[in-house]
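Protein chains in written order, with this note's numbering: chain H, 1 to 253; chain V, 254 to 454.
Glycine included, C-beta positions come from ideal geometry on N, C-alpha and C.
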Amino acid sequence: MAGAAVRGRLNWLAAGATQFIDETPRVRSIVLDCHDWPGHLPGQHIDLRLTAEDGYQAQRSYSIAAPAEGDRVIITVELVDDGEVSPFLIEDLRVGDRIEIRGPIGGYFVWEPTRGGPLQLIGGGSGVVPLMAMLRASVRSRSDAPVRYLSSARAYEDLIYRAELETVASEESGVEVVHTLTRNHPPNWTGPTRRVDREMLAEHVWPPAVSPLCYVCGPTGFVESVATTLVELGHSPERVKTERFGPSGGVRR
Amino acid sequence: MSFVTRGFRGRRRLEGPPGRVPPGQYVTTDFPVLSAGPTPRVQLEEWSFTVTDAGGDTLEWTWSEFTSLPTETVTVDIHCVTKWSKLDTTWEGVSLDTLFARVGSPGSHALFHSYGGYTTNLPVEDITGGKAWVAFRYEGEPLASEHGGPARLLVPHLYFWKSAKWVRGVVVSDSDRPGFWESYGYHNYGDPWREQRYAGD
């Protein structure tokens, strides 16, 4: 695991926007081209920096949405109401614009095919981004590790990577995808329609007996509840890795 | 060398009072939660805190013993490496000075251990002299488990990952060993005013 550690200085690098993918009405993926990018592991994130003409700078962290592939770094950004950086990235950034990034950052919430499985991915809202990097790495490497992907979103339109997930689930025998829609769902929806709870985790997550590697990412309340319930169901805490996501980590209690 | 991003002006929201917000940080009013695994649930009757000195001698306090020690209430700003800062947070806890007053050989470096397996390392001079506490109350209430309760380390002058949640003890010695995030590429010291986020910063 220490092999994932980042060594040496992480310099700021110029990255140009080459493509945008509108994932949902509030979520956009941004494909960046970064010449000296050192590569990364699925689950890692970057720091991103914007500089205004008067020198004012803003920095934020974003998970990387796809495994390493040359100079390409893909992030997926959710619009934060009253945000400072996400509205710019979603509404103002154009193809050819340059920003600064540095990374990769984080070496614990990572999965690569050599880690094996079964792999259990559980995401809430935009918390699915680092999980998608893991799933894409699994598919791309034709990993033997079977994968289950459980995500929670408010509505069908809010499902990030929906079309790709449908394709992967239908074409890859080792991948199972389940979405739960907590607020609105289409009339013909056959999946679950409630928040992720104990019954849903017991039904759709690999059983503790097969010792899955579980990765949980989402807003604070989601991660707290899912991780706690997984341990109650018998999963070893050492096999449950968590990461918080969202505007600034979640609600205050 | 940084360069201007076309069209970015910045909203400078909640910039904070001068001198209070380190470079690269923004002020938040909520209290984000960050942790690498499930929140450990520690029963108070099973909780203890130990200090092991450089000579290998260990002192141990139960929850009732620990919370009977003299406490201090401090109001401080906290800075998370993920970029948020939170101003004027009020904590109650036991100063590390109080704990170390009973220890024979303090050594030069400290490695804190938590329930759940987390560790973090700090120089002893950064946790003595009124700079660090083991806190068990936040804003007048018992510290919630997702924020590190029953008790967490509070070292507000360093990035907040150094303020280990769910602490159970500290081992001091004359050698510096990296803790959890320090082994994953985060800075060994973590001064927010020098923006020491990652190794090499």
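| Query | Result |
| --- | --- |
| Name the residue from H:M134, H:L233 and H:E203 whose alpha carbon lies nearest to the alpha carbon of I64 (chain H). | H:M134 |
| If the cut is a Cβ gap below 9 Å, which residues of chain H does D454 (chain V) touch? | R9 and L10 |
| Taking the straight line between their C-alpha atoms, what separation do you get for E416 (chain V) and V177 (chain H)? | First, the amino acid is wrong: residue 416 (chain V) is Ser here, not Glu. So the two alpha carbons sit approximately 38 Å from each other. |
| Could you list which residues in chain H have their beta carbon closer than 9 Å to that of V304 (chain V), in chain order? | Here the premise fails: no neighbours, minimum Cβ distance about 25 Å. |
| What residue ranges within the stretch 282 to 337 of chain V form continuous beta strand (DSSP E) runs of no fewer than 3 residues, ordered along the chain? | 301 to 305, 311 to 315 and 325 to 332 |
| Below 9 Å between beta carbons is the criterion; list the residues of the stretch 45 to 66 of chain H that meet it against any residue of chain A, in chain order. | The structure shown contains no chain A; its protein chains are H and V. |
| Within 10 angstroms of the Cβ of A354 (chain V), are there 16 or more other Cβ atoms? Answer buried if so, exposed if not. | exposed |
| Give me the Cα-Cα distance between V210 (chain H) and Q44 (chain H), rounded to the nearest whole angstrom. | 26 Å |
| Is the distance from the Cβ of T305 (chain V) to the Cβ of G432 (chain V) below 8 Å? | no |
| Can you find a CB in chain H that lies within less than 8 Å of the CB of A289 (chain V)? | yes |
| Could you say which of H:G106, H:S173, H:L121 and H:H185 lies nearest to S213 (chain V) if we only look at CA atoms? | Residue coverage of chain V in this structure runs from 254 to 454, which leaves residue 213 (chain V) outside it and unanswerable. |
| Counting only C-beta atoms, is A2 (chain H) closer than 8 Å to chain V at any point? | Note on A2 (chain H): pLDDT 39, under 50, position unreliable in the model; the coordinate value appears next. Yes, A2 (chain H) lies at the interface with chain V (some Cβ there is under 8 Å from its Cβ). |
| Am I right that L10 (chain H) and G453 (chain V) are in contact with their C-beta atoms under 8 Å? What's the rounded C-beta distance? | 7 Å |
| In whole angstroms, give me the CA-to-CA distance for T373 (chain V) and Y108 (chain H). | 15 Å |
| Return the residues of the stretch 329 to 341 of chain V that lie within a Cβ-Cβ distance of less than 8 Å from chain H, sorted by chain order. | T335, K336 and W337 |
| Determine which residues of the stretch 224 to 237 of chain H have a Cβ less than 8 Å from any Cβ of chain V, and write them out in chain order. | E224, A227, T228, L230, V231 and P237 |
| Which residues in chain H have a C-beta closer than 7 Å to the C-beta of F413 (chain V)? List them in chain order. | By Cβ distance, chain H contributes nothing, its closest Cβ being about 11 Å from F413 (chain V), past 7 Å. |
| Could you tell me which of H:D97, H:P192, H:E232 and H:P118 sits nearest to G16 (chain H), measuring between CA atoms? | H:D97 |
| On the DSSP bridge list, what partners appear for C214 (chain H)? | H:Q120 and H:V240 |
| Please compile the residues from chain V whose C-beta is within a distance smaller than 7 Å of the C-beta of D92 (chain H). | G260 |
| At a Cβ threshold of 8 Å, is V240 (chain H) touching chain V? | yes |
| Is there a Cβ from chain V that is less than 8 Å from the Cβ of G250 (chain H)? | For G250 (chain H), the predicted model reports a pLDDT of 35, less than 50, meaning its position is unreliable; a value from the coordinates is still stated below. G250 (chain H) counts as touching chain V. |
| Quick check on the DSSP output: the alpha helix (DSSP H) that includes E199 (chain H) runs from which residue to which? | R198 to H204 |
| Checking contacts by CB at 8 Å: is F20 (chain H) closer than that to chain V? | no |
| Should R253 (chain H) be flagged as near chain V, meaning a C-beta pair shorter than 8 Å? | Note on R253 (chain H): pLDDT 22, under 50, position unreliable in the model; no value is reported. |
| Mapping the DSSP letters down to three states, classify W255 (chain H) as helix, strand or coil. | An answer regarding residue 255 (chain H) cannot be provided, because it is not within the stretch 1 to 253 covered by chain H. |
| Shortest alpha-carbon distance to V95 (chain H) belongs to which of H:A169, H:D33 and H:T18? | H:T18 |
| In whole angstroms, what separates the C-alpha of G309 (chain V) from that of E435 (chain V)? | 24 Å |
| Quick one: any contact between the stretch 229 to 236 of chain H and the stretch 198 to 208 of chain H, if contact means 3 or more CB pairs under 8 Å? | yes |
| Could you list the residues in the stretch 109 to 127 of chain H with a C-beta less than 9 Å from some C-beta on chain V, going in chain order? | F109 |
| Have a look at the DSSP bridge pairing and note the partners of V425 (chain V). | V:A363 |
| Residues in the stretch 203 to 223 of chain H with C-beta within 7 Å of chain V's C-beta atoms, listed in sequence order? | T220 |
| P113 (chain H) and S151 (chain H) - do their beta-carbons sit closer together than 8 Å? | no |
| Going along the chain, which residues of the stretch 389 to 404 of chain V sit with their C-beta nearer than 7 Å to a C-beta in chain H? | A397 and E399 |
| Per DSSP, which one or two residues make a beta bridge with R102 (chain H)? | H:D47 |
| Given this structure, state the Cα-to-Cα distance separating I74 (chain H) from L119 (chain H), to the nearest angstrom. | 22 Å |
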